[in-house]
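Structure first, commentary second.
Number of protein chains: 2
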Amino acid sequence: MITTQERELPSPASIRAILDQVTSKWSVMILIFLCDKPQRFNALKRNLDGITQKALTESLRRLERSGLVVRRVIPVSPVAVEYSLTPLGISLKDPFLALYQWSMKHRTTVERAQAAFDARP
Amino acid sequence: MITTQERELPSPASIRAILDQVTSKWSVMILIFLCDKPQRFNALKRNLDGITQKALTESLRRLERSGLVVRRVIPVSPVAVEYSLTPLGISLKDPFLALYQWSMKHRTTVERAQAAFDARP
DNA sequence: CTGAATCCGAATCGATACTG
DNA sequence: CAGTATCGATTCGGATTCAG
Numbered sequence: 001m002i003t004t005q006e007r008e009l010p011s012p013a014s015i016r017a018i019l020d021q022v023t024s025k026w027s028v029m030i031l032i033f034l035c036d037k038p039q040r041f042n043a044l045k046r047n048l049d050g051i052t053q054k055a056l057t058e059s060l061r062r063l064e065r066s067g068l069v070v071r072r073v074i075p076v077s078p079v080a081v082e083y084s085l086t087p088l089g090i091s092l093k094d095p096f097l098a099l100y101q102w103s104m105k106h107r108t109t110v111e112r113a114q115a116a117f118d119a120r121p
Numbered sequence: 122m123i124t125t126q127e128r129e130l131p132s133p134a135s136i137r138a139i140l141d142q143v144t145s146k147w148s149v150m151i152l153i154f155l156c157d158k159p160q161r162f163n164a165l166k167r168n169l170d171g172i173t174q175k176a177l178t179e180s181l182r183r184l185e186r187s188g189l190v191v192r193r194v195i196p197v198s199p200v201a202v203e204y205s206l207t208p209l210g211i212s213l214k215d216p217f218l219a220l221y222q223w224s225m226k227h228r229t230t231v232e233r234a235q236a237a238f239d240a241r242p
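Taken in sequence, the protein lines are chains Z and P.
Counting in our numbering, the first sequence runs from 1 upward without gaps.
Counting in our numbering, the second sequence runs from 122 upward without gaps.
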């Protein structure tokens, strides 16, 4: 029997809820790009190569909702919107960078494993 | 124009494909549990508290396909199946532990940020 | 015990069009 | 420029059933 009462360990489900926010579709890539400097909507869109407006909007909302990203409207014409990391967002930099570098390092290994798996009898 | 030819940097899309495998729904939690020791299907299911058979099966398949997990059938009766990490899977331990610990540490902060966001006018 | 197969409604996706 | 609205397509999730 697993309980969370009186324990400092939260339930797996509640941790996974957090992980879900943080590892959702474009989150890692967006955070990585925002680490460099605050960026505007279309700058992110260009960098992310392949993301749709809708997906980018939704991802940024989710990150904003979780307190990782700040959305700042700059009242010029036409309107500019700049996204930047909060301190909480910055605290994810190291873990995300580790994930990102892992992905770069092991990309071809993973791709080969997948191809081999798919070619199985 | 972005190309990947002759560059050591893969395209964002190809990196995200890898990240998707690795950060997909239950991956982090499964890998964390498998770090301790190889485990059987139902042991994982119990530990993961809330996962369905289908989701666990699919997650394990995905991890196996990407070369992170090995599935070993132990021919006893009734049949036992043990899942364990490959060296590649083990190499994810540190990044995932970092993510996991971040989630535990900042869980309440994130939850409060979400509640505040949702309560906005 | 460890799954595979199926069904079905819900959620998500991508493309397109439109707006301040 | 930075979105919102909409719609059809695909995928996903959970429940159930069956099998080696």
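Glycine included, each C-beta is placed from N, C-alpha and C at the ideal position.
Does the beta-carbon distance from A73 (chain Z) to Q142 (chain P) come in below 8 Å?
-> Working through the first sequence from its first residue, we reach residue 73 (chain Z) at position 73. Working through the second sequence from its first residue, we reach residue 142 (chain P) at position 21. Contrary to the premise, residue 73 (chain Z) reads as Val rather than Ala in this sequence. The answer is no: Cβ separation not under 8 Å.
Look up R71 (chain Z) in the DSSP assignment and say whether it is helix, strand or coil.
-> The residue you call residue 71 (chain Z) lines up with position 71 of the first sequence. DSSP places R71 (chain Z) in strand when its eight states are reduced to three.
Where the alpha helix (DSSP H) through V79 (chain Z) begins and ends = Stepping through the first sequence from its first residue, residue 79 (chain Z) is reached at position 79. Per DSSP, V79 (chain Z) belongs to no alpha helix (DSSP H) and is neither H nor E.
Quick one: what does DSSP say R40 (chain Z) is sitting in, helix, strand or coil?
-> Within the first sequence, numbered from 1, the residue matching residue 40 (chain Z) stands at position 40. Looking at R40 (chain Z) - three-state DSSP - the assignment turns out to be strand.
Return the CA-CA distance between S11 (chain Z) and G188 (chain P), expressed in angstroms with no decimal places.
-> In the first sequence, the residue the question calls residue 11 (chain Z) occupies position 11. In the second sequence, the residue the question calls residue 188 (chain P) occupies position 67. Those two C-alpha atoms are separated by around 28 Å.
Quick one, which of Z:R16, Z:H106, Z:R65, Z:W26 has its alpha-carbon nearest I51 (chain Z)'s?
-> Here the question's residue 51 (chain Z) lines up with position 51 in the first sequence. Comparing Cα-Cα distances from I51 (chain Z) to each of Z:R16, Z:H106, Z:R65, Z:W26, the minimum goes to Z:W26.
Quick one: does D49 (chain Z) have its CB under 8 Å from some CB of chain P?
-> Numbered from its first residue, the first sequence carries residue 49 (chain Z) at position 49. It does; some Cβ of chain P falls within 8 Å.
Give, in chain order, every residue of the region 17-29 of chain Z whose Cβ lies closer than 9 Å to some Cβ of chain P.
-> A17, I18, L19, D20, Q21, V22, T23, S24, K25, W26, S27, V28, M29
Could you check if S198 (chain P) is buried or exposed, using at least 16 other CB atoms within 10 Å of its CB as the buried criterion?
-> Here residue 198 (chain P) refers to the residue found at position 77 of the second sequence. By the Cβ-count criterion, S198 (chain P) is exposed, with fewer than 16 other Cβ atoms from all chains shown falling within 10 Å of its own Cβ.
Could you list which residues in chain P have their beta carbon closer than 7 Å to that of A13 (chain Z), in chain order?
-> Here residue 13 (chain Z) refers to the residue found at position 13 when the first sequence is read from its first residue. Using a Cβ-Cβ cut-off of 7 Å, A13 (chain Z) is close to D170, G171 of chain P, given in chain order.
Kindly list the residues whose CB is nearer than 8 Å to the CB of S24 (chain Z), restricted to its own chain and excluding five residues on each side of it in sequence; keep chain order.
-> Numbered from 1 along the first sequence, position 24 holds the residue referred to as residue 24 (chain Z). Contacts found: S59, R62.
What separation, rounded to the nearest whole angstrom, lies between the Cα atoms of L85 (chain Z) and S91 (chain Z)?
-> As a working note, residue 85 (chain Z) is residue 85 in the first sequence. As a working note, residue 91 (chain Z) is residue 91 in the first sequence. Approximately 9 Å between the Cα atoms of the pair.
Straight-line gap, L48 (chain Z) to I30 (chain Z) (C-alpha atoms, nearest Å) | Position 48 of the first sequence, counting from 1, holds the residue named residue 48 (chain Z). Position 30 of the first sequence, counting from 1, holds the residue named residue 30 (chain Z). Taking the straight line joining both Cα atoms gives about 8 Å.
Of all Cβ atoms in chain P, is any one closer than 8 Å to the Cβ of I2 (chain Z)?
-> Numbered from its first residue, the first sequence carries residue 2 (chain Z) at position 2. Residue placement at I2 (chain Z) cannot be trusted, given a pLDDT of 43 that sits under 50; what the coordinates show is reported in the next sentence. Output row for I2 (chain Z): interface = yes.
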